[in-house]
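Chemist: Got a structure here, written out as structure tokens. Questions coming.
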Amino acid sequence: MAKIEWNESLSLGVAELDKHHKDILLIMSLFLDALQRGQDEDAISTILSKLKEYTLFHFSAEEAFMEKIEYPYIKPHRAKHVELKNKVNSFQYARFRHENLTPEDYKELISNWLIEHILQYDFKIVKYLQENKNVPENFKDKVKADWKKVKAKTGQNETDEKAEPEVEPDSRVKDEKEES
Numbered sequence: 154m155a156k157i158e159w160n161e162s163l164s165l166g167v168a169e170l171d172k173h174h175k176d177i178l179l180i181m182s183l184f185l186d187a188l189q190r191g192q193d194e195d196a197i198s199t200i201l202s203k204l205k206e207y208t209l210f211h212f213s214a215e216e217a218f219m220e221k222i223e224y225p226y227i228k229p230h231r232a233k234h235v236e237l238k239n240k241v242n243s244f245q246y247a248r249f250r251h252e253n254l255t256p257e258d259y260k261e262l263i264s265n266w267l268i269e270h271i272l273q274y275d276f277k278i279v280k281y282l283q284e285n286k287n288v289p290e291n292f293k294d295k296v297k298a299d300w301k302k303v304k305a306k307t308g309q310n311e312t313d314e315k316a317e318p319e320v321e322p323d324s325r326v327k328d329e330k331e332e333s
């Protein structure tokens, strides 16, 4: 079975974003498993639609988080989100056109974009948080309010996830400068 698994090296130390990444990997694994087992087109399309929906929710939440911490590289990060949204759309289009992609082809495409995105872009958000001494005192209250807004917009309720992301230092964050 083609499977993509979460491991702690992907953890950002931001509970809310880590949960989203775990959920995206789970949905991707369900999609790959459905392909591998030859499930009917409706079942596969449903899972792929869920992947698209959840990815859009995650990007909205992550962008709201970046805005609240005044992340200086939000523009190129958003551009990457657009690229990843287009990738998910291309999966749906490939399925619609009945292109012959194997589960391993999808696994390579999916895992590459998600894992690379986490390691190359999302870790830089954490690095910025660790280095930035100007995070406002009421930062947690602002972020908590934003999570509630994003959840309300996307139909998630308060019991689905923690309302307030937790941020922990992470020594694995690289020192590379992000291009703007």
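Each residue of the sequence shown is one higher than the one before, starting from 154 at the first, in the numbering used here. Just so you know, even glycine gets a beta-carbon here, dropped at the ideal spot from N, CA and C.
#1: What is the rounded straight-line gap between the Cα of Asp-186 and the Cα of Leu-178?
#2: Under 6 Å Cβ to Cβ from Ile-263, same chain only, skipping five residues before and after it: list those, please.
#3: Okay, do the region 195-203 and the region 238-251 touch, 3+ Cβ pairs below 8 Å being the bar?
#4: Can you tell me whether Leu-254 is helix, strand or coil according to DSSP?
#5: Ile-271 and Leu-183 - do their beta-carbons sit closer together than 7 Å?
#6: If you check the beta carbons only, do Tyr-281 and His-230 fall under 7 Å apart?
#7: Are there 16 or more other CB atoms within 10 angstroms of the CB of Glu-236, so buried, or fewer, so exposed?
#8: Just tell me which of Ile-268, Asn-265 and Asp-176 has its CA closest to the CA of His-211.
#9: Cα separation between Leu-165 and Asp-171?
Modeler: On the basis of the data shown:
#1: As a first step, residue 186 is located in the sequence shown; it is residue number 33 there, counting from the start. As a first step, residue 178 is located in the sequence shown; it is residue number 25 there, counting from the start. Straight-line Cα distance between these residues: approximately 12 Å.
#2: Translated into positions along the sequence shown, residue 263 becomes position 110. Counting only Cβ-Cβ distances below 6 Å, and skipping sequence neighbours, we find Met-181.
#3: yes
#4: Within the sequence shown, residue 254 is the residue found at index 101, counting from 1. The answer is coil: DSSP assigns Leu-254 none of H, G, I, E or B.
#5: Within the sequence shown, the letter at position 30 stands for residue 183. Within the sequence shown, the letter at position 118 stands for residue 271. No. Outside cutoff.
#6: Working through the sequence shown from its first residue, we reach residue 281 at position 128. Working through the sequence shown from its first residue, we reach residue 230 at position 77. Contact flag unset, no.
#7: Looking up residue 236 in the sequence shown gives position 83. Classification of Glu-236: exposed, given that the 10 Å Cβ count is below 16.
#8: Stepping through the sequence shown from its first residue, residue 211 is reached at position 58. Considering only alpha carbons, the answer is Asp-176.
#9: Working through the sequence shown from its first residue, we reach residue 165 at position 12. Working through the sequence shown from its first residue, we reach residue 171 at position 18. The alpha-carbon atoms of Leu-165 and Asp-171 are separated by roughly 6 Å.
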